[in-house]
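In the order they appear, the protein sequences are chains E and G. Mapping of the first sequence onto this note's numbering: position 101 corresponds to residue 104, and the numbering continues sequentially without gaps. Mapping of the second sequence onto this note's numbering: position 162 corresponds to residue 290, and the numbering continues sequentially without gaps. This report concerns only the one structure given below.
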Amino acid sequence: MGFFIKEAVRSVQRNSVPSFAATASILVTVLVLGIFIPITQATTGAANEVRDKVLVNVYLKADTKPADRARVAALLREDTKYVGKVEFVSKEAAYREQKKDYPEYYSELLGSNPLPDTFRVTPDSPDNALKLRDALAPATASGERATVDPAIDTVKNRKDDTSNILFITRVVKYAMALLAALLVLASVLLISNTIRLSLFARRREVEVMKLVGATDWFIRWPFVIEGVMLGALGGVFAVLVLTVGKIAFVDPLVADFALLRAPETMQFGVLALLLLGASVAVSAMGSGLSLRRFLKV
Amino acid sequence: MAIVERHARARNRAAALQDRAPTVVDFRGVCKTYPSGGLGLEQATFAIERGEFVFLVGQTGSGKSTIMRLLIKEHEPSSGTISVAGKDLSAIEGKGVALYRRNLGVVFQDFKLLPNRTVYDNVAYALQVTGHKRKEIRAKVPDILRLMGLSLKLHSYPDQLSGGEQQRVAVARAFVNHPPLLLADEPTGNLDPETSIGIMQLLYRINRTGTTVIVATHDNAMVDRMRRRVIEVNQGRIVRDEHGGGYSTQDENTSEFGLLMRGEPSPQPRRLSSPGDFFDDAFKD
Numbered sequence: 004m005g006f007f008i009k010e011a012v013r014s015v016q017r018n019s020v021p022s023f024a025a026t027a028s029i030l031v032t033v034l035v036l037g038i039f040i041p042i043t044q045a046t047t048g049a050a051n052e053v054r055d056k057v058l059v060n061v062y063l064k065a066d067t068k069p070a071d072r073a074r075v076a077a078l079l080r081e082d083t084k085y086v087g088k089v090e091f092v093s094k095e096a097a098y099r100e101q102k103k104d105y106p107e108y109y110s111e112l113l114g115s116n117p118l119p120d121t122f123r124v125t126p127d128s129p130d131n132a133l134k135l136r137d138a139l140a141p142a143t144a145s146g147e148r149a150t151v152d153p154a155i156d157t158v159k160n161r162k163d164d165t166s167n168i169l170f171i172t173r174v175v176k177y178a179m180a181l182l183a184a185l186l187v188l189a190s191v192l193l194i195s196n197t198i199r200l201s202l203f204a205r206r207r208e209v210e211v212m213k214l215v216g217a218t219d220w221f222i223r224w225p226f227v228i229e230g231v232m233l234g235a236l237g238g239v240f241a242v243l244v245l246t247v248g249k250i251a252f253v254d255p256l257v258a259d260f261a262l263l264r265a266p267e268t269m270q271f272g273v274l275a276l277l278l279l280g281a282s283v284a285v286s287a288m289g290s291g292l293s294l295r296r297f298l299k300v
Numbered sequence: 129m130a131i132v133e134r135h136a137r138a139r140n141r142a143a144a145l146q147d148r149a150p151t152v153v154d155f156r157g158v159c160k161t162y163p164s165g166g167l168g169l170e171q172a173t174f175a176i177e178r179g180e181f182v183f184l185v186g187q188t189g190s191g192k193s194t195i196m197r198l199l200i201k202e203h204e205p206s207s208g209t210i211s212v213a214g215k216d217l218s219a220i221e222g223k224g225v226a227l228y229r230r231n232l233g234v235v236f237q238d239f240k241l242l243p244n245r246t247v248y249d250n251v252a253y254a255l256q257v258t259g260h261k262r263k264e265i266r267a268k269v270p271d272i273l274r275l276m277g278l279s280l281k282l283h284s285y286p287d288q289l290s291g292g293e294q295q296r297v298a299v300a301r302a303f304v305n306h307p308p309l310l311l312a313d314e315p316t317g318n319l320d321p322e323t324s325i326g327i328m329q330l331l332y333r334i335n336r337t338g339t340t341v342i343v344a345t346h347d348n349a350m351v352d353r354m355r356r357r358v359i360e361v362n363q364g365r366i367v368r369d370e371h372g373g374g375y376s377t378q379d380e381n382t383s384e385f386g387l388l389m390r391g392e393p394s395p396q397p398r399r400l401s402s403p404g405d406f407f408d409d410a411f412k413d
């Protein structure tokens, strides 16, 4: 093992330019990935947050008794599919809420309360919002909607908004996922290409080693160790740059921008470890696998 | 049943005896066609005994290098069998190839040294591959380099050496494991006549220690001077196999050479009537 490590160190020293190129390409791609991954996550998180705001409002008739209320609540909680969370907002609570938001309009109502009692139903998944609405108020043959309980006046979820939100957030999520996949692919290709180039320059060396009677793994180990060293070097530098960037630029801004402290973004330490591991693995496997072609002598 | 068994046992014993016969290299009806369609070797049959010094001669493209490549298992024959020291080469696979190559010394026209290692490390690599201890390597490498007359160049890199010195390093690397068989493919092809003599001397000295040496060459002066066994290959066929032979059978004089230069057809090498028979007779049991 000591022999292989010494061989790897020697080869890094003797081939400093290709080694530098490999390290630099790893550094750049890890840097880009390290910036892009949190952005993807923050965007997806923001999209999910918007999706979670999709609600189905169940408005009760103006003259409902507490018994009717209890019956509807039980119906929603137990007998209906797609229900995630049910929140009851009494007409008084709704009035207070609205008054706080729009005091200028509510001062003119002079104490009368036109708002109905409402159940705010959150679907178990945002995609099921429309199905939940159909379950509570199935469409009749005439095209109108009948409610499942006589105490319910209307079921609304602002259909257009809901489907728009669902569509746009889905597009955003998929686009980000696609971009991230492309970026990862590009990084792997770039790194493996750099490694292949530096190996190609040394293919004659490999050929000679084979002719002298070296086994495949005897030749391969130094290359794999070299890959680990270069990958770790590039990864460590990239993580250092990311840390500096985070402390210098991102942290001061977090207070002002909600997107930056998106809760779904992974911890920085986890991200750093992941990037480091990926760069070492790609670089080591890249050298080991690329070598295979030249070992066929 | 008993008779059949006894017969089989007797036959096995006979076969074993033949294995112990001092044949190092045995080609039997070996053909090699390259994937591109080029013909490498056609029905080559010959045997080389232990301790022989053999010249393989012929024009470029005649099949000399094909024989060498088949012997170092860089290529596989299309048909026929090659055995080295009684072992069939086609049976060697995977890791066995590396182990087999450790028992060969190989010298090439273009030296094939590792460019970013010193002379010492180049020779040491052949020992490191076989898992020698560092102590042994430190003892052996300077020894063999002294033998090759390179004791002052231990820490030079190959590109700081002359062609002759590089080839000496290659010979040292080939011989440091004391292989039973040493192959040299045009070892003097890139060298001037004086230096070539030095390299041939080394090969000859190695041969004197009991190593079988096969040299592919078109250095006619050297072949004519050394008068060793000569196997001539032409267009993939063995056309001549003679002990103490010269580079070519007829010495062309000046007027013949003049004819050749003026574009008259070149004299064809004389062919054995049937190249295979001679050796097949020798191995009949």
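Just so it is clear, CB atoms sit at the ideal spot from N, CA and C, and this is done for glycine as well. All values reported here derive from a predicted model rather than from experimental measurement.
Given residue i, which residues of its chain have a CB within under 7 Å of its CB, disregarding the five upstream and five downstream residues?
| i | result |
| --- | --- |
| R123(E) | L58, N60, E90, V92 |
| G326(G) | G292 |
| K84(E) | A138 |
| D130(E) | L169 |
| V227(E) | A287, S290, G291 |
Which same chain residues, not among the five before or five after residue i, have their C-beta less than 8 Å away from its C-beta?
| i | result |
| --- | --- |
| A410(G) | Low per-residue confidence applies at A410(G): pLDDT is 48, beneath 50, and the placement is therefore not dependable, though the value from the model is reported in the following sentence. Within the same chain, A410(G) has close Cβ partners A175. |
| V1(E) | As shown, chain E starts at 4 and ends at 300. That puts residue 1(E) outside it, with no answer to give. |
| I210(G) | V153, D154, F155, R156, V158, L198, L199, D216, L217, S218 |
| P150(G) | E177, R178, G179 |
| R72(E) | L63, F91, D120, A154 |
| K201(G) | L217, I220, V225, Y228, R229 |
Within 10 Å of its beta-carbon, does residue i have 16 or more other beta-carbons around it, so buried, or fewer, so exposed?
| i | result |
| --- | --- |
| Y177(E) | exposed |
| R262(G) | exposed |
| S290(E) | buried |
| F203(E) | exposed |
| D271(G) | exposed |
| Q288(G) | exposed |
| S28(E) | buried |
| N305(G) | buried |
| V174(E) | exposed |
| D369(G) | buried |
| D120(E) | buried |
| S301(E) | Nothing can be reported for residue 301(E), as the shown portion of chain E is limited to 4 through 300. |
| D313(G) | buried |
| V242(E) | buried |
| F252(E) | exposed |
| V283(E) | buried |
| D147(G) | Residue placement at D147(G) is poorly supported in this model, since its pLDDT is 49, which falls under 50; the coordinates are not used for a value here. |
CB-CB under 6 Å to residue i, same chain, minus the five flanking residues each way: which ones, in chain order?
| i | result |
| --- | --- |
| I265(G) | A252, L255 |
| V341(G) | F181, L310, L331, N335 |
| L245(E) | G37 |
DSSP three-state label for residue i, please.
| i | result |
| --- | --- |
| E210(E) | helix |
| E229(E) | helix |
| I171(E) | helix |
| Q295(G) | helix |
| N116(E) | coil |
| L282(G) | coil |
| G233(G) | strand |
| A300(G) | helix |
| L196(E) | In the sequence as displayed, the identity of residue 196(E) is Asn instead of Leu. Residue state, collapsed to three classes: helix. |
| Q363(G) | coil |
| Q101(E) | helix |
| R390(G) | coil |
| K160(G) | strand |
| E314(G) | coil |
| Q16(E) | helix |
| L292(E) | helix |
Is the Cβ-Cβ distance between residue i and residue j less than 7 Å?
| i | j | result |
| --- | --- | --- |
| V85(G) | E360(G) | In the structure displayed, chain G extends from 129 to 413; residue 85(G) sits before or after that span and is not available. |
| V158(E) | L133(E) | no |
| V234(G) | L311(G) | yes |
| L279(E) | G248(E) | no |
| T173(G) | S206(G) | no |
| F236(G) | Q294(G) | no |
| S190(E) | T43(E) | no |
| T246(G) | H283(G) | yes |
| G168(G) | G191(G) | yes |
| N250(G) | L242(G) | yes |
The ligand ZN heavy atoms versus the CB of residue i: any closer than 6 Å?
| i | result |
| --- | --- |
| R355(G) | Among the components modelled here there is no ligand, and therefore nothing to report on the ligand ZN. |
Sequence ranges, beta strand (DSSP E) only - wholly within the stretch 36-75 of chain E, length at least 3 = 59-63
Start-end ranges of the alpha helix (DSSP H) lying completely within the stretch 238-280 of chain G, minimum 4 residues | Runs found: 247-257, 262-275.
Segments assigned beta strand (DSSP E), at least 3 residues, entirely inside the stretch 181-236 of chain G = 181-185, 207-212, 232-235
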